[in-house]
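Asks:
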Amino acid sequence: MSKPSKKINFYRTSLQYLIILLLGYMVVRAWIDKSYLPDYEAYCPVGGMQAFSGYLVNSSLACTMTTLQIAMGFALIIAVILVSKLFCSFICPIGTFTEWLGRIGSKRKWMFTPKAWLDKGLRIFKYGLLFITFYFTVEAGELFCRKFDPYYAVFTGFGGDVAVLYALLALLVTILGSLFIRQFWCKYLCPLGAATNLVAYTIYFAAITVVYLILVFPAGLSISWTWYLGTLCLAGFLLEILKPETTIFPLIKITRSEPLCTHCKICDKVCPYALNISTADKVSHIDCHLCGDCVTRCPEKGALTYNRRKLQWLPPAVVVFMVACGFVWSSFNEVPTIDIKFGTPEQMAKASFYEQKGLLSIKCYGSSMAFANQVKEIPGVLGVQTFVKHHTAKIFFNPSVINPQGIKAALYTPVKEIIALPGPEVNQLFVLDCGIDHFFDPNDAFLLAEMFKRQPGIYSFETHFGEPVKTIIYYDENKLKPARIKSIIETREFELIDNEQKTTAKPGFSIAWMNESSITVNRKDFLKGMFTPYDHRFNEFEKKDTLHLGIYEIPFTECLYPDKKDSVPYLRNHLMADKGVVRFQTSWKEESPVLLIYFDPGKTTKQAIYLSLTRPKLHIQYKSGETEDIVNPFTFPALNNK
Ligand code: SF4
Ligand code: SF4
Numbered sequence: 192m193s194k195p196s197k198k199i200n201f202y203r204t205s206l207q208y209l210i211i212l213l214l215g216y217m218v219v220r221a222w223i224d225k226s227y228l229p230d231y232e233a234y235c236p237v238g239g240m241q242a243f244s245g246y247l248v249n250s251s252l253a254c255t256m257t258t259l260q261i262a263m264g265f266a267l268i269i270a271v272i273l274v275s276k277l278f279c280s281f282i283c284p285i286g287t288f289t290e291w292l293g294r295i296g297s298k299r300k301w302m303f304t305p306k307a308w309l310d311k312g313l314r315i316f317k318y319g320l321l322f323i324t325f326y327f328t329v330e331a332g333e334l335f336c337r338k339f340d341p342y343y344a345v346f347t348g349f350g351g352d353v354a355v356l357y358a359l360l361a362l363l364v365t366i367l368g369s370l371f372i373r374q375f376w377c378k379y380l381c382p383l384g385a386a387t388n389l390v391a392y393t394i395y396f397a398a399i400t401v402v403y404l405i406l407v408f409p410a411g412l413s414i415s416w417t418w419y420l421g422t423l424c425l426a427g428f429l430l431e432i433l434k435p436e437t438t439i440f441p442l443i444k445i446t447r448s449e450p451l452c453t454h455c456k457i458c459d460k461v462c463p464y465a466l467n468i469s470t471a472d473k474v475s476h477i478d479c480h481l482c483g484d485c486v487t488r489c490p491e492k493g494a495l496t497y498n499r500r501k502l503q504w505l506p507p508a509v510v511v512f513m514v515a516c517g518f519v520w521s522s523f524n525e526v527p528t529i530d531i532k533f534g535t536p537e538q539m540a541k542a543s544f545y546e547q548k549g550l551l552s553i554k555c556y557g558s559s560m561a562f563a564n565q566v567k568e569i570p571g572v573l574g575v576q577t578f579v580k581h582h583t584a585k586i587f588f589n590p591s592v593i594n595p596q597g598i599k600a601a602l603y604t605p606v607k608e609i610i611a612l613p614g615p616e617v618n619q620l621f622v623l624d625c626g627i628d629h630f631f632d633p634n635d636a637f638l639l640a641e642m643f644k645r646q647p648g649i650y651s652f653e654t655h656f657g658e659p660v661k662t663i664i665y666y667d668e669n670k671l672k673p674a675r676i677k678s679i680i681e682t683r684e685f686e687l688i689d690n691e692q693k694t695t696a697k698p699g700f701s702i703a704w705m706n707e708s709s710i711t712v713n714r715k716d717f718l719k720g721m722f723t724p725y726d727h728r729f730n731e732f733e734k735k736d737t738l739h740l741g742i743y744e745i746p747f748t749e750c751l752y753p754d755k756k757d758s759v760p761y762l763r764n765h766l767m768a769d770k771g772v773v774r775f776q777t778s779w780k781e782e783s784p785v786l787l788i789y790f791d792p793g794k795t796t797k798q799a800i801y802l803s804l805t806r807p808k809l810h811i812q813y814k815s816g817e818t819e820d821i822v823n824p825f826t827f828p829a830l831n832n833k
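When the letters of the sequence shown are read in order and numbered with this note's numbering, they come out as residues 192 to 833.
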């Protein structure tokens, strides 16, 4: 009796271990280096396919998706059509893991083969999941499969977008299923498996796509993309259970030589899908992912080949080539996160455009849309594309109405930022005027403030539009000199805690010019210049007789404090709960800011307002109806009843 060859499937095993090692490296590095944010889906082709579908439907890309993932999605599709489902056999970590679990199940003799009706019936789940994940991803603009994807759940430690209960259930089902049924995950649950099978049924896939496109475009019928998706999923399932053999595509198939074959059936046993190879002329079953295990373990040299040739090197070579192509293509191209046109097709045909780089606040779909809404208000702007990876926007405009300089000026948000309050011992502050290159975005101002906070002696800065951006810095000449300020501004990188995450910020600013005059400003004028008045009327203020309103005036220097000034609106929100309070105003009086609280003496008292102002927690009521209690950062002098 023939014995299986002892050879190992070298290329496949090497690639599988390489992927596992890469993932292991990401986990260990994230554990050691807290500033490293691993992206476990960076190369996920199914995410890329979903993201690209969303882009076609909504002209927007899911924030977590990158051009690289889309490139991997296209690489996978091309590889499936030309060769086979190579991602499944050579790369997919879930496939590798469940295959290893299957080996444990085989050794322990737990494995069983489901009856044909059960095997066919279970296959509907992966098409159902394919429909659900694509549908919700395109509708919501975010990767829906993350909620229950066992791979994503395990590598993110059940954090991120994971719905813990669903993910745990998916993980449990996958582990148990893989111990008892060969390739349980791949055959019955994997949405990527369903998508690649659809592509492998190339002719049917192309036919449905062409019919849909004809109905929608030349025929002008309004058929939602969900009907197309649903038809594809149903067709994929029906083909799998009624006609599991593929036709011409994929082009490469395992072929058996009858004269050389001894019918030992070893190939049937080693096939991860338990396909019937020993009696077939060629393996056309949709489950075959061209792993080559049957070829490697067949004891008869030349009995199993690829299209009757010794091409065992071809599938791994295609995997490496396609992944490399994906990397190269994505490094030269970027799919826009949003692509929105406000102008008519005629206006767009004559539009000019310019690229605005360094927009650090453009980080995702939401911030891209906020930016689009901002540029839409500028007369002459016709459209915008954003590229979050490089924080860049491409702005389309009518050159007879506006030019890039005008757009930049309209987009620029001037900043007035207090870094620290000068103590009473500081009588005079020095003023440094400079122009900063590569500075445009509000996030740039945030980075500059973060850098200045690390240096005692810098009290404030303000910026005004210009190219370079004109910046005025207030500082104490006794603590640092302009040369030191220049070196701080030109810091190449520094560590930053942003949203509780340690990251490395790389500002890239440079000083274009610097005016080292010895202009000074006294402390009082400086504070007054930094003061921003605040005035809010509410609780039916307009119906009140202003002559009969009480005014509670309190010193409010803390509204200038850098760490407290952003909480002023929360204090106002907190006071609004008292229906007798009708106006909240901050004002500059003589030498310092004051808070003026207008109230209806028939409904509330100074005592009640004082008690409210000095509560340890501020009770915030949001427009959505939700409430939140936050620590009250303000302190107030005792109530003077005079
Ligand atoms: S191809 Fe023939 S000889 Fe080779 S393992 Fe299969 S049954 Fe045995
Ligand atoms: S038939 Fe051969 S190549 Fe295809 S899945 Fe089975 S073992 Fe792998």
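C-beta atoms are modelled at their ideal positions from N, C-alpha and C, and glycine is treated no differently.
By how many angstroms is the C-alpha of residue 637 removed from the C-alpha of residue 754?
Replies: Each residue's Cα considered, the two are about 13 Å apart.
Asks: Tell me, please, whether the region 303-322 touches the region 413-429 by the rule of three or more beta-carbon pairs shorter than 8 Å.
Replies: Short answer: they touch.
Asks: If you pair each beta-carbon of the region 270-284 with each one of the region 559-577, do three or more pairs fall below 8 Å?
Replies: Flag = no, the region 270-284 and the region 559-577 do not touch.
Asks: Buried or exposed: where does residue 227 fall if 16 or more other Cβ atoms within 10 Å of its Cβ makes it buried?
Replies: Under this definition residue 227 is an exposed residue.
Asks: Decide if residue 598 is buried, meaning its Cβ has at least 16 other Cβ atoms within 10 Å, or exposed.
Replies: That one is buried.
Asks: Pull the bridge partners of residue 778 from the DSSP assignment, please.
Replies: 785.
Asks: Under a three-way DSSP split, which group does residue 421 fall into?
Replies: Three-state DSSP puts residue 421 in a helix.
Asks: Counting only the same chain and skipping the five closest in sequence on each side, list residues whose C-beta sits under 7 Å from that of residue 159.
Replies: With the chain represented from 192 up to 833, any question about residue 159 goes unanswered, as that position is not in the structure.
Asks: I'd like the span of the alpha helix (DSSP H) that includes residue 383, first residue to last.
Replies: It spans 382-391 - the alpha helix (DSSP H) in which residue 383 sits, taken as one unbroken run.
Asks: Taking 7 Å as the cut-off, does the CB of residue 454 come closer than this to any heavy atom belonging to ligand 1?
Replies: Checking the Cβ of residue 454 against ligand 1 gives yes.
Asks: Tell me the start and end of each unbroken alpha helix (DSSP H) in the region 407-484 that is at least 4 residues and wholly inside, in chain order.
Replies: Correct list: 416-433 and 457-461.
Asks: Taking residue 701 as part of the alpha helix (DSSP H), name the residues at either end of that continuous run.
Replies: Careful: residue 701 lies outside any alpha helix (DSSP H), inside the beta strand (DSSP E) at 701-706.
Asks: Going by alpha carbons, who is nearest to residue 828 out of 817, 749 and 536?
Replies: With distances taken between Cα atoms, residue 828 lies closest to 749.
Asks: Report the CB separation of residue 533 from residue 505 in whole angstroms; it is logged as a contact under 8 Å.
Replies: With 8 Å as the limit, residue 533 and residue 505 do not qualify as a contact, their Cβ atoms being about 50 Å apart.
Asks: So, at 7 Å on beta carbons, what are the nonlocal neighbours of residue 821 in its own chain, with the 5 sequence-adjacent residues on each side left out?
Replies: These residues qualify, in order along the chain: 761, 808, 809 and 811.
Asks: Since I believe residue 443 is in contact with residue 468 (beta carbons under 8 Å), could you give me their beta-carbon distance rounded to a whole number of angstroms?
Replies: The pair is not a contact, with the Cβ atoms about 15 Å apart (cut-off 8 Å).
Asks: Which residues does DSSP pair with residue 625 in a beta bridge?
Replies: Answer by DSSP bridge pairing, in chain order: 662 and 705.
Asks: Between the region 389-408 and the region 341-355, can you find at least three pairs of beta-carbon atoms closer than 8 Å?
Replies: No contact exists between the region 341-355 and the region 389-408.
Asks: For the region 300-311 against the region 503-519, do three or more pairs of beta-carbon atoms, one drawn from each stretch, fall closer than 8 Å, so that the two count as touching?
Replies: Judged by Cβ distances under 8 Å, the region 300-311 makes no contact with the region 503-519, as fewer than three pairs qualify.
Asks: Helix, strand or coil for residue 672, going by three-state DSSP, please let me know.
Replies: Coil, per DSSP.
Asks: Would you say residue 280 and residue 487 are within 8 Å of each other, going by their C-beta atoms?
Replies: No, Cβ-Cβ distance for residue 280 and residue 487 is not below 8 Å.
Asks: Any heavy atom of ligand 1 within a distance shorter than 7 Å of the CB on residue 482?
Replies: It does not: the Cβ of residue 482 is nowhere closer than 7 Å to a heavy atom of ligand 1.
Asks: Between residue 206 and residue 285, is the Cβ-Cβ spacing less than 8 Å?
Replies: No, the Cβ-Cβ distance between residue 206 and residue 285 is not below 8 Å.
Asks: Select from 747, 251 and 677 the residue whose C-alpha is nearest the C-alpha of residue 531.
Replies: Nearest of 747, 251 and 677 to residue 531, Cα basis: 251.
Asks: Would you mind giving the Cβ-Cβ distance between residue 646 and residue 671, rounded to the nearest angstrom? I have them listed as a contact below 8 Å.
Replies: 6 Å between Cβ atoms; contact.
Asks: At the level of alpha carbons, what is the spacing between residue 607 and residue 802?
Replies: Rounded to the nearest angstrom, the two C-alpha atoms are 33 Å apart.
Asks: Please classify residue 522 as buried or exposed, where buried requires at least 16 neighbouring CB atoms within 10 angstroms.
Replies: When all chains shown are included, residue 522 counts as exposed.
Asks: What separation, rounded to the nearest whole angstrom, lies between the Cα atoms of residue 619 and residue 721?
Replies: Going from the Cα of residue 619 to the Cα of residue 721 covers about 15 Å.
Asks: Output needed for residue 240: all residues of its chain with C-beta closer than 7 Å, excluding positions within five of it in sequence on either side, in chain order.
Replies: Cβ within range, chain order: 264 and 386.
Asks: Hey, residue 372 and residue 287 are a contact pair by Cβ (cut 8 Å); roughly how many whole angstroms apart?
Replies: Wrong, their Cβ atoms sit about 17 Å apart, outside the cutoff.
Asks: Over the uninterrupted beta strand (DSSP E) stretch that includes residue 577, give me the two end residues.
Replies: Element bounds for residue 577: 572-578.
Asks: Could you give the DSSP three-state label for residue 314: helix, strand or coil?
Replies: Of the three classes helix, strand and coil, the one that applies to residue 314 here is coil, per DSSP.
Asks: Pull up the DSSP beta-bridge partners for residue 741, would you.
Replies: In DSSP, residue 741 forms a bridge with 790.
Asks: Say yes only if the C-beta of residue 202 is nearer than 7 Å to one or more non-hydrogen atoms of ligand 2, and no if none qualify.
Replies: Not under cutoff, so the answer is no.
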